[in-house]
Amino acid sequence: MLTTYLCGKKLKSPIILGSGTLGEKKESLINALNFGAGAVVNRTLRVSSNRKIFKPAYYFGKSYMLNADNKNVTPWEYWVRKAKEVEKYGPLIISLSARIPKDCGIIVSAFEENYSPSFYELNFSCSHSAKIYGKISYEQVEKSLRLIRKRTKKQIFLKLSLDNIDFKQLNNLEGLVDAYVLSNTIGPGLKIDINSRKSVLGSPFGGVSGDAIKPLVLAGIYELKHHTKKTIIGVSGIESAEDVLEYLILGCDAVQIYTKAHREGIEIFKKLNDDLKNLLNKMNETVETIKGTFNYGK
Ligand SMILES: Cc1cc2nc3c(=O)[nH]c(=O)nc-3n(C[C@H](O)[C@H](O)[C@H](O)COP(=O)(O)O)c2cc1C
Numbered sequence: 203m204l205t206t207y208l209c210g211k212k213l214k215s216p217i218i219l220g221s222g223t224l225g226e227k228k229e230s231l232i233n234a235l236n237f238g239a240g241a242v243v244n245r246t247l248r249v250s251s252n253r254k255i256f257k258p259a260y261y262f263g264k265s266y267m268l269n270a271d272n273k274n275v276t277p278w279e280y281w282v283r284k285a286k287e288v289e290k291y292g293p294l295i296i297s298l299s300a301r302i303p304k305d306c307g308i309i310v311s312a313f314e315e316n317y318s319p320s321f322y323e324l325n326f327s328c329s330h331s332a333k334i335y336g337k338i339s340y341e342q343v344e345k346s347l348r349l350i351r352k353r354t355k356k357q358i359f360l361k362l363s364l365d366n367i368d369f370k371q372l373n374n375l376e377g378l379v380d381a382y383v384l385s386n387t388i389g390p391g392l393k394i395d396i397n398s399r400k401s402v403l404g405s406p407f408g409g410v411s412g413d414a415i416k417p418l419v420l421a422g423i424y425e426l427k428h429h430t431k432k433t434i435i436g437v438s439g440i441e442s443a444e445d446v447l448e449y450l451i452l453g454c455d456a457v458q459i460y461t462k463a464h465r466e467g468i469e470i471f472k473k474l475n476d477d478l479k480n481l482l483n484k485m486n487e488t489v490e491t492i493k494g495t496f497n498y499g500k
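Those letters in the sequence shown? Residues 203 to 500, by this note's numbering.
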């Protein structure tokens, strides 16, 4: 009932662990797969990473999360060695940054020489990194995609944010991309501590994720669907099986979850899968039958 196909690959559930701090170590990814995640994404990889550390890096609001966490703890070579171990438990999607295109070439070459993961996901930047280190351009993304394409036959996802969608420019990338992932964090956002009168984070801004951004992202995916026939993976603000269904009904082939797993723990995948099964049962549907049934009539 939960089985689904993502770019031709069979997944036992459409619910994937998205990229984030939890994906710094193989153990959390293996746990997520054991708790029923259909696939997992590691923390976005970079070759050179002289990035700043902001403390505190997280703030949890009632319906959103802010994060200023942008530094990798684990070197990229670790994943080249560990990818095979993770894939014994389920599909691994390797996330890498589009900021320095030549780094994509270095990273993907190393994977392809050692162990080729199920998919690659090119991260077109989150909102707070864009604020601190500058926006990544479509030229950088195109160069990165071409370098990855040259080195692998595996499918490549492009992870967008609502902040960096430009439909005209995306048209030029269509031939290089197999699927789109929407959305990375948006914003950035600011939360003020009224006692210290400073930002609650160690940096003025943080990327906004969680429940509050879901309606914005669903609307973004609605628009994206009018511009492309490619597979879309929906991400943002998923808290429940009902939220998963919204993305599937809109036509996503799978979804990714991050904030809820970060806040509540990797076990969430079991309950989400159980709830999704019950819900689909009641509706007399399966993941495959309910996908793309959005009623455009209204
Ligand atoms: C603490 C934190 C770290 C994140 N790190 C990454 C990252 O390294 N690469 C990436 O593509 N997305 C990253 N994200 C974005 C998430 O994968 C996701 O796209 C976004 O948070 C929206 O989904 P959510 O509301 O389910 O969290 C991060 C999000 C958070 C909260």
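Don't be surprised by glycine CBs; every beta carbon is placed ideally from N, CA and C.
Being a predicted model, the structure only gives us computed values, none of them experimental.
* To do: Determine the contact status of Ile309 and Trp278, defining contact as a CB-CB distance below 8 Å.
  => Between Ile309 and Trp278, the gap from beta carbon to beta carbon is short of 8 Å.
* Less than 8 Å separating the beta-carbons of Leu481 and Ala443? -> The answer is yes: Cβ separation under 8 Å.
* **Span separating the alpha-carbon of Phe321 from that of Val379** => For Phe321 and Val379, the distance between alpha carbons rounds to 12 Å.
* Asked: If you draw a straight line from the alpha carbon of Pro258 to that of Glu487, how long is it in whole angstroms?
  -> Rounded to whole angstroms, Pro258 to Glu487 spans 44 Å at the Cα level.
* Asked: If you draw a straight line from the alpha carbon of Cys209 to that of Ala381, how long is it in whole angstroms?
  -> The straight-line gap separating the alpha-carbon atoms of Cys209 and Ala381 is approximately 8 Å.
* What are the boundary residues of the beta strand (DSSP E) that includes Thr206? -> Unbroken beta strand (DSSP E) run through Thr206: Thr206 to Leu208.
* To do: Kindly identify the DSSP beta-bridge partner or partners of Tyr322.
  => DSSP lists Ile296 and Ile358 as partners of Tyr322.
* Asked: Smallest Cα separation from Tyr266: which of Val410, Glu469 and Asn366?
  -> For Tyr266, the nearest C-alpha among the options comes from Val410.
* **Buried/exposed call for Gly336, threshold 16 Cβ in 10 Å** => Per the 10 Å Cβ criterion, exposed.
* Asked: Measuring CA to CA, which of Lys227, Leu362, Gly222 and Lys228 is closest to Tyr520?
  -> In the structure as shown, the chain begins at 203 and stops at 500. Residue 520 is therefore absent and cannot be evaluated.
* **Rounded C-alpha distance that separates Gly439 from Leu224** => In a straight line, the C-alpha of Gly439 is about 17 Å away from that of Leu224.
* Asked: Mapping DSSP to helix, strand and coil, what is Lys260?
  -> Note on residue identity: the sequence assigns Tyr, not Lys, to residue 260. Here Tyr260 sits in strand by DSSP.
* Starting from Ser411, follow the alpha helix (DSSP H) in both directions and report where the run begins and ends. => Counting along the chain, Ser411 falls outside any alpha helix (DSSP H), though it belongs to the beta strand (DSSP E) covering Gly408 to Ser411.
* To do: Name, in chain order, the residues that DSSP records as bridge partners for Met485.
  => Paired residues: none, contrary to the question.
* With burial defined as no fewer than 16 other Cβ atoms inside 10 Å of the residue's Cβ, what is the status of Val446: buried or exposed? -> Buried, by the Cβ-count rule.
* Would you identify the three-state DSSP class for Asn374, choosing helix, strand or coil? => When DSSP states are grouped into helix, strand and coil, Asn374 belongs to the helix group.
* Asked: Using a threshold of 7 Å, is the CB atom of Gly222 nearer than that to any non-hydrogen atom of ligand 1?
  -> Yes, since a heavy atom of ligand 1 falls inside the 7 Å radius drawn around the Cβ of Gly222.
* With distances taken from CA atoms, which of Ala239, Ala234 and Glu229 is nearest Leu478? -> The candidate whose alpha carbon is nearest that of Leu478 is Ala239.
* **Residues near Glu226 in its chain [Cβ-Cβ closer than 6 Å; skip 5 each side]** => Counting only Cβ-Cβ distances below 6 Å, and skipping sequence neighbours, we find Arg245, Val275 and Thr276.
* Asked: On the three-pair Cβ rule with 8 Å, is the stretch 294 to 308 touching the stretch 399 to 418?
  -> These segments do not touch.
* Around the C-beta of Asn269, are 16 or more other C-beta atoms found within 10 angstroms, so that it is buried, or is it exposed? -> Asn269 should be labelled buried.
* Cβ pair Cys454, Gly467 closer than 8 Å -> Cβ distance not < 8 Å, so Cys454 and Gly467 don't count as in contact.
* Asked: Is Ser164 helix, strand or coil by DSSP?
  -> Missing from the structure shown is residue 164; the chain here goes from 203 to 500 and no further.
* Evaluate contact between the stretch 317 to 334 and the stretch 359 to 370, counting only Cβ atoms and requiring at least three cross-stretch pairs below 8 Å. => Flag = yes, the stretch 317 to 334 and the stretch 359 to 370 touch.
* Asked: Among Phe471, Tyr424 and Ser339, which has the Cα closest to the Cα of Tyr498?
  -> Closest option to Tyr498, Cα to Cα, is Tyr424.
* Asked: Starting from Leu384 and walking both ways along the beta strand (DSSP E), at which residues does that stretch end?
  -> For Leu384, the enclosing beta strand (DSSP E) begins and ends at Ala381 to Leu384.
* Asked: Can we count Thr461 as close to ligand 1, meaning its CB is less than 7 Å from some heavy atom?
  -> Within the cutoff, so yes.
* **Nearest-angstrom Cα separation, counted from Leu204 out to Ala300** => Inter-residue distance for Ala300 and Leu204 is about 32 Å (C-alpha atoms, whole angstroms).
* Excluding sequence positions up to five away, which residues of its chain have a Cβ less than 7 Å from the Cβ of Leu450? -> If you ignore the 5 residues before and after Leu450, its C-beta comes within less than 7 Å of the C-beta of Pro216, Val489, Ile492 and Lys493, all in its own chain and listed in chain order.
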